[in-house]
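Residue numbers (my numbering): 783 to 1566.
Shown next as structure tokens:
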């Protein structure tokens, strides 16, 4: 047992006890957060920028989100028959959802009856086809309604079927109504439709679990039925399950792999415990304070933080390897390198705080706090703990110490320069970026296909494209919507646009309503006498039938939106703004439609918003910003290293910068588009590589330093490289980058150590002479 390097003095003792009290407070705080059910966020969009385009776009996004994020749809059909699922089974599912307590409301099983809402306004609502028809066509329409079987004609109030014509033109869709409720039919299958609104947030994990349990029990009870799902809650639940699974598998796999590695090298449970102590304290410190600062934790942050092991164990490895292999050396010469390693890592990671992405700021905060917590434990606690030696540690260190450049192997450096030059040329000329937000979607492909199938069956496109239109008054806004309807309808007829929807389709402007009423009065005057004559009815009915045309109220947006039939349009009308504004939701578009929409948005009262494209563009801008901040951090580190190491500064920079160049070159060679998360992976590689470069230069002849570097790279590969197998795209990109970069870091670190003829002699002694250690530290990494 050795106590070499133990800190002494009352100040060190008080500092170690104070750090213990801080951690105890963090444990209490973390327990309180867990017990009170503090939220865990599963949204990938939490990694994206907050609103930066002003209040109007923020309100539009929030309006659509608040309307649709708590909604979900279920389609149920029988596998054995083309007919709809049995009414009993559908009602059973409805009852189970209601009894679960997670549903605020179920959609009604009866049709919304817009005819009742619109009946008083029917004379101001005229379809384009009826407006174009002459008096003879109106007479024929009236006769066919009077004598056609199955038509409920209202001769007194609507002899020409104005309201029916309006409803058919404006509210025709795939959904039909039958005694069992709403449904949608295809050529081969009839689907029963269940729509519901959640009682709480779709990100509530307890709600997700209960909804999943209800649907699973229903599926087990009715294996003959097919169930299709659509709604944000299902994607959030899939993301939560996936993140939780990866925390348990990748995080624990990383932990067990590192434990096995440390057991192989140190062979002493107490030594392994001292190595893991900073990991535990770093995670507790980071989790408690990050949760307190942000109010919630993103599960992707936790998955990222579970791999914090790879970095936080690094400091303990360097200290314990030094104590194991150099028991007589004073730790006074060790602390500057460890402090510089922490500072350089923090410099590399904290640049993420400069980005406007809340999720990345949370990741950066978590990482920085974890590293600081681990470093403090290493500095204040580990030197005070006893250390038990095992001969295997020195044996492995001697074997690894042979991996360095010998005196007769100087050709390695020109070869390395050539490799780095080729990789740099490839990176500069062949690197591409890919910032499409859709590639970060963690939802399973089957669930995405299921959602798309529901949207196709119901003819409801995703609401991530829309136009924001503003006007001086509500009626002026309706008129502007009508003007925009003409080019949009033309695009739809020509096949460039799948659909579009706005409030003026249900509520015409006052001018249009007035023109409609005038046209109806003209057609009544011309066609009504002929209709009555052809039907064999007396002309004395004419005044009575024309009387409702004298005083007809205007249909206002408020009247329509307050009705049950107008609920679906409420998200399209933005209240509470300085100027009235409304949305036109846009379906699928091709290049022609996209160009036309962009041209429409050149008007000062129109904004075109494609959320996916806009957020993808912001990711690209943020990646560029991150690269700029990273370049600034590297420039600062070059200055610091130059002042400390002088002409040997290149040795510090070789592992991190060389690994980044090689990684980028390989990505360019494989035509892999770089995302923001590839860049974050490069940040991790830089942080680990900087530690390797610093300790290789601080202690070039110390086998303990090289053993610690090797263990650090191996443990980091287990921690971060395993993320390459994550099904979450963001973590996969990050892990893949770390896998390549960390292997390159370990291969480059021996070249940063330099060559020496006495290296093998020193290694075989198991320790480096104290005079040699003093000299190499004071000279900042002498090379031979």
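Think of the CB as a built atom: it goes at the ideal place given N, C-alpha and C, for glycine as much as any other residue.
Can you check which of these residues, the options, is closest to residue i by C-alpha distance?
i	options	result
residue 1454	1055, 1212, 948	1212
residue 1515	1297, 1216, 1080, 1120	1216
residue 1327	1302, 897, 843	1302
residue 1340	1333, 1193, 1353, 1329	1353
residue 1509	1021, 814, 1254	1021
residue 1458	1025, 1501, 1403	1403
residue 1141	1037, 1425, 1462	1462
residue 1312	922, 1501, 887	922
residue 1330	890, 904, 879, 839	904
residue 1015	946, 1098, 1230	1230
residue 960	1491, 973, 949, 952	973
residue 1470	1202, 1436, 1456, 1050	1436
residue 1569	849, 1530, 947	Here the chain covers residues 783 to 1566 and nothing more, so residue 1569 does not appear.
residue 742	1305, 874, 1491	No information on residue 742 is available, as it lies outside the stretch 783 to 1566 that the chain covers here.
residue 1317	927, 896, 814	927
residue 840	1396, 958, 1370	1396
residue 1420	1398, 1410, 1084, 1472	1472
residue 1126	1145, 1136, 1153	1153
residue 1181	1047, 802, 1346	1047
residue 794	1084, 1535, 892, 1158	1158
residue 1044	1512, 1495, 1283	1495
residue 1322	1310, 1174, 1520	1310
residue 1187	1136, 843, 1425, 1198	1198
What residue range does the beta strand (DSSP E) around residue i cover?
i	result
residue 974	972-980
residue 1249	1247-1252
residue 1309	Here residue 1309 belongs to no beta strand (DSSP E); instead the alpha helix (DSSP H) covers 1292-1317.
residue 1389	1388-1392
residue 1012	1007-1013
residue 859	853-860
Specify, as a first and last residue, the run of the alpha helix (DSSP H) that residue i falls within.
i	result
residue 1457	Taken as a continuous stretch (DSSP letters only), residue 1457 belongs to no alpha helix (DSSP H), as it is neither H nor E.
residue 1055	1051-1076
residue 1047	1034-1048
residue 1437	1431-1451
residue 1264	1256-1275
residue 1384	Note, residue 1384: premise wrong, no alpha helix (DSSP H); not H, not E.
residue 1515	1511-1535
residue 946	944-952
residue 1227	1227-1240
residue 1497	1485-1502
residue 1325	1324-1328
residue 804	792-817
residue 988	987-1003
residue 1031	Per DSSP, residue 1031 belongs to no alpha helix (DSSP H) and is neither H nor E.
residue 840	837-850
residue 1340	1339-1343
For chain C, find out if any of its Cβ atoms is closer than 8 angstroms to the Cβ of residue i; answer yes or no.
i	result
residue 1487	Chain labels in this structure do not include chain C; a single protein chain is all it has.
Can you name the residues that DSSP bridges to residue i?
i	result
residue 964	959
residue 1366	1249
residue 1283	1367
residue 1355	1364
residue 1214	1455
Relative to the ligand SAH, is the shortest distance from any of its heavy atoms to the C-beta of residue i smaller than 7 angstroms?
i	result
residue 800	No copy of the ligand SAH appears in this structure; indeed no ligand is present at all.
Review point. What are the uninterrupted segments assigned as alpha helix (DSSP H) that are 4 or more residues long and contained completely in the region 878-940, given in chain order?
Key: 896-900, 910-914, 917-929
Check your understanding: Do the region 1428-1447 and the region 1515-1531 meet, that is, are 3 or more Cβ pairs less than 8 angstroms apart?
Key -> yes
Check your understanding: What are the complete alpha helix (DSSP H) segments, minimum 4 residues, inside the region 1147-1202?
Key -> 1173-1183
Check your understanding: Between the region 1104-1112 and the region 1479-1487, do three or more beta carbon pairs fall short of 8 angstroms?
Key -> yes
Check your understanding: Is there contact between the region 1120-1129 and the region 1051-1069, where contact requires at least three CB pairs shorter than 8 angstroms?
Key -> no
Review point. Is the region 1358-1366 touching the region 1231-1251 in the sense that three or more CB pairs, one from each, lie closer than 8 angstroms?
Key: yes
Review point. Taking contact to mean at least 3 C-beta pairs separated by less than 8 angstroms, is the region 881-891 in contact with the region 974-982?
Key: As far as the Cβ criterion goes, the region 881-891 touches the region 974-982, which means the pair count is three or higher.
Review point. Hey, is the region 843-858 in contact with the region 1003-1017, meaning 3+ C-beta pairs nearer than 8 angstroms?
Key: Short answer: they touch.
Review point. Three or more beta-carbon pairs under 8 angstroms between the region 1376-1384 and the region 1428-1435, yes or no?
Key: no
Practice item. Check whether the region 1497-1513 touches the region 1027-1038, taking contact to mean three or more Cβ pairs, one atom from each stretch, closer than 8 angstroms. Key: yes
Check your understanding: Is the region 1161-1171 close to the region 1068-1086, with three or more CB pairs under 8 angstroms?
Key -> no
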